[in-house]
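Protein chains in written order, with our numbering: chain L, 1 to 553; chain F, 554 to 1165; chain E, 1166 to 1480.
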């Protein structure tokens, strides 16, 4: 945000803050050790608010849980902003000093009264008001979010809506205050840092910036295409158009993990050539023309990863990779050699040192220093720099360092996969504590807590629809239909169903999910699917329609 | 808090019991809609855990898993934690129990007064100890604090109030089990308050004269004049009077109370709390029980003065769970005081806020230790905290707290009645005022006695009519299970803090237990050793394991058996006593070996069947 | 001068001077006697102490003699005071430390404590045998069923112990409470100091006190989330990953063949550091470094037990 894609604060600041909002994040289960820091803060007196359609284990620790309707986060954020402004609680000094575009923002949020926000979100007005006042009055406050914010068709707008709140109250750029996306994978942040984003070069330099490109080209001795590349969703569109005929997949399982999975599988099958590099023979790898067996880099090779507080840390080799598996870096190195570019002896530290020469924010991070300091938080421009626990302190400087931070007014748009009489139930997805994504890794150990992949319904819906725990039912969306057992979970409420994606083999959740995706970030909308649930009728012809579940509006 | 409950449900009766208790405590049910609060506020109810468990034990007779789980859900307490707390207290049962339970005291006083006969009767009628079925069962109990009228029982009755039963007898117990009729509670025994009444009484001045159930009668006997005086003096004036009085705490540590209150009054951290430690559990002790049963308003007044003097708006009286009558009297007295504006938002019209909450212990001697008591109030296991920090800085709920026992607080009324300097003139230079003694054993008139500090043991015995006719004193246990043995050569020992300290003894809780020639001192020592082991909280190694090893070694010595390892058990005991007194966390550990040590030093321990 | 810089708070540094074993030492206000001892290089035995947990000062093996104090003080939690005079090696201190080791060794299986602890047990002259032969182990569930208060009289012919059968109720870790010294560390790690799951607590009282779930429920039926942070802090091997337990049972656990490598967990973006213990090219145990700012030694189920996928290999 404001030029660098990373959370602004350190975990330590979460312990030292006064108010924490976990928005669309069940950190208790999906980021358990981050939640330890949250709880340290809570035990020191910080108030915790959880915004989540489900009454998650995270929300059970909260001083306030706001059971928002799936996909209405912008309405809630705008409503909170409107209440803060109406109550005169905005940080006027910070707004004047460090931001721009406030007037437009204030105009845009004006219609989001408590009443209207309550209508759009399903959250009672007093709870919205309480949170608005608590956030604005807190001396230090943190907003943290996860995929509940970003796996939507309007993911980027969701994020802007939250950043707007931080700007409104001056809750950014100071120790203890900040805005933090909690990264879902160990190197999501590092991938971004390294330029594994179609419009960025390492260090968040723009691909379309000629001068930057020239700098990289001189070191890389190659020509970098001057235009932005495709992100994942665009790639699938390109496959659909026939513009993308060959795909090299590294450590990703799109055949299972993509929303509207049958469609994705069909496109993958239609490719001329598919190369998959993975540590498992995933469902995607099974479709490949060539499979590169990869080592598990986290324990079978050397390198670095970057965490959600921008801390670059070393991974190290503890095991010999099995069989012919090779580290990703060596596979790429070898591929380059076979394609006629000999990069010399492969080495993680060599690659890293080259990166340090190109990305100023990493320059000070030698392997030696990373080892000695237990990781370093970027930016770290030189070898005497201690790293940066929090970002954007410049906004508070007098005179302000750099350009003002802009408010980005965003309007609420309801989920594209609309609820109606035919698809009356909102399905949302998420992860469990003991499992991880498509389960190819976590399926490998025996968790005593593992839940059978199921369609989770609240007791009221299960009773109303006449389903017993464990009963197999037909779940259908506009894209497809699957069978799944019903499980009852009291964290849900009428009209809201939940599934995980941990085991496509048991229940192929992503057959249902919406293929809508965010034009700004390319992330798909896994969180808001309209479904209907029916008894698996013996006579399929006479399909027994279940009474429509009331939507929560 | 993301509690995980195991899914066992409470019965309707259990649910109703908990609901009723929580309703009376102002805890509302969490609505489960589109917004919820299960944060700090929900977690702040933990201090209600012990009373909630009491409500179940009282009404249902035991605490089932479903019931505990429901308490956890309503109070936002993790079930493992609640189980840890419930299983800490001897009066709570986590297994099914018949609705009527006889807790039979077999401690040092009752054991000589026929406790085993009663146990034999119960065993005969009800079968073995602690059965889960039937209409009634029985359990052995440590001292029940009814020692002046031993032997004693406590009847725990599901669905109705508990009853003390003393003096009990095999016949009375048999009759009661047959007809289910309980005698009305009797007055405690304080011979000086009987005719002819001893004119020197101070702490016992109203005992036997005042109606303990009537606030107005208390006022008619001078009640609440001390509070009026206190308000005139102001907190600093009270501190001055207390300092001048040289009043020392009667809880064993003999800490000057003026300094303690002053420290709390001046502590910058708010709020402040006051606590009355009424968890009188030292075997052989019953003085606080009689004070609370017979003069409960005096305690309410004294605690109110403590609150006013220290700037506390809330006081707790923590009374031991085995005192049903005293509990009842205090509950009633608090209610009357509230109704008359002597507690509440504008106490006595003097524009200060103070109220008292009564908390019951549940069968844990350790909760008489001040920091264990605080943990117990807060809803945790009654494990003592390390000191420092002292409660005056970090006490109840982590806030500055003045904690005093019942006898000390009664003395405060005396100080305010006559002024600090006058009070300092009573007793000796370093032990001012009067002292209560619990006289039991081979004595003509067992009971509660009050004497000016400085009186000798002989004078005390004379006051009680001397030893039982025909008996000769073998030894005297001074101070209770954590006390020391002395003998007839010490009869002229002045009963003061300084003189007993000089004699390596301690007044402790004022227990004076006379053992005559017919007393089996080995059995007394074994009972004390077993008591210490039973009552160790288990937190620190020296006490947790040391009390076990002490009992084992003592058993071998008494049985005249050699230690299989070839070790000398007397030396072993000396090592154990030393580590317990040096390295334990709290006073229980420090004193767990004191009685054994003193018996060894005085040669009172004689192996059975030994020829020497 | 930047505005941020103007508001930067300075560090208030106050120090306290005290004397330990005749040597003057200056430490920051709020430091413990243990901190001061560490600064002087005085080795202090500890069992229940861990830098990441709130001191419970329950084991009492770190006690020291503070002049003018009636009783010994636990070094791990007693804060230093100006002018304090401390003795760490007096006869009195040595006696208490010896006795604590002796009382524990005579009642608990200490065979898997660290080499350092074994060294202390020896050097303080602890003799566990002098309390007589150990009592036979308790039967399944017996210790868990004991009620607070009255116990059935012993005769002293054997020394009571906490010996009892191992609890194995899941595939991830075992609980061998014969090895439990009741240091409270697991309870603290499961509770407020780290995981806040509160699946276990100390139940019962006195020598019958034990670590328990509610009503002694199996872990699979408790609030346990298998973070294994209890294992990470257990000093006696009472809590152990099943992977380690099985190897030990088979006699194949061999520290000489093990390496420990620090890396980063792959299961989310928090960046938890892992210490992988590897034997014969297989991960046999996972811990986290205590001093790391991300984890403070604590992990979740995935980090501690989710490594199997790299070694579920076809034969």
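Positions of the beta carbon are idealized from the N, C-alpha and C atoms, including for glycine.
Beta bridge counterpart(s) of residue i as assigned by DSSP
i, result
"residue 1473 of chain E", "Residue 1473 of chain E is not bridged to any residue."
"residue 1031 of chain F", "F/1037 and F/1065"
"residue 1440 of chain E", "E/1427 and E/1452"
"residue 248 of chain L", "L/275"
"residue 858 of chain F", "In the DSSP output, where bridge partners are listed per residue, residue 858 of chain F has none listed."
"residue 1213 of chain E", "Paired residue(s): none; residue 1213 of chain E is not in a bridge."
"residue 1375 of chain E", "E/1368"
"residue 801 of chain F", "F/809"
Cutoff 8 Å; reference residue i; Cβ partners in own chain excluding five residues on either side
i, result
"residue 101 of chain L", "406, 407, 408 and 409"
"residue 563 of chain F", "571, 617, 619, 620, 622 and 623"
"residue 853 of chain F", "883, 886, 887, 890, 895, 896 and 909"
DSSP state of residue i mapped onto helix, strand, coil
i, result
"residue 745 of chain F", "helix"
"residue 112 of chain L", "coil"
"residue 1166 of chain E", "At residue 1166 of chain E the pLDDT is 38, less than 50, meaning the model places this residue with poor confidence and gives no usable figure here."
"residue 709 of chain F", "strand"
"residue 222 of chain L", "coil"
"residue 490 of chain L", "coil"
"residue 1253 of chain E", "coil"
"residue 1400 of chain E", "coil"
"residue 1026 of chain F", "strand"
"residue 979 of chain F", "coil"
"residue 656 of chain F", "strand"
"residue 1165 of chain F", "Model confidence at residue 1165 of chain F stands at a pLDDT of 37, short of 50, so the residue's coordinates are unreliable and nothing is read from them."
"residue 291 of chain L", "strand"
Residue-chain proximity (residue i, chain L), Cβ-Cβ < 8 Å
i, result
"residue 1178 of chain E", "no"
Cβ of residue i within 8 Å of any chain E Cβ
i, result
"residue 562 of chain F", "no"
"residue 1118 of chain F", "yes"
"residue 1112 of chain F", "yes"
"residue 876 of chain F", "no"
Cβ shell of residue i (< 6 Å), same chain only, five flanking positions each side left out
i, result
"residue 644 of chain F", "874, 915 and 916"
"residue 379 of chain L", "361 and 388"
"residue 1168 of chain E", "Caution applies to residue 1168 of chain E, whose pLDDT of 45 falls short of 50 and renders its modelled position unreliable; the value that the coordinates give is listed next. There are no such residues."
Contact set for residue i: own chain, Cβ-Cβ below 7 Å, skip 5 residues either direction
i, result
"residue 1215 of chain E", "1350 and 1398"
"residue 566 of chain F", "613"
"residue 961 of chain F", "802, 803, 804 and 810"
Cutoff 8 Å: residue i Cβ touching any chain F Cβ
i, result
"residue 1365 of chain E", "yes"
"residue 48 of chain L", "yes"
"residue 1320 of chain E", "yes"
"residue 1281 of chain E", "no"
"residue 28 of chain L", "yes"
Proximal residues of chain F, C-beta to C-beta of residue i below 8 Å
i, result
"residue 1264 of chain E", "1095, 1099, 1128, 1129, 1131, 1132 and 1136"
"residue 61 of chain L", "554, 555, 591 and 592"
"residue 426 of chain L", "Simply none; closest approach about 14 Å."
Contacts that residue i makes with chain F (C-beta to C-beta distance below 9 Å)
i, result
"residue 1256 of chain E", "Within chain F, no residue comes near residue 1256 of chain E; the closest Cβ sits about 11 Å away, beyond 9 Å."
Partner residues on chain L for residue i, Cβ-Cβ distance less than 7 Å
i, result
"residue 1473 of chain E", "444 and 445"
Residue i: contacting residues in chain E (beta-carbon distance under 8 Å)
i, result
"residue 1125 of chain F", "1295 and 1296"
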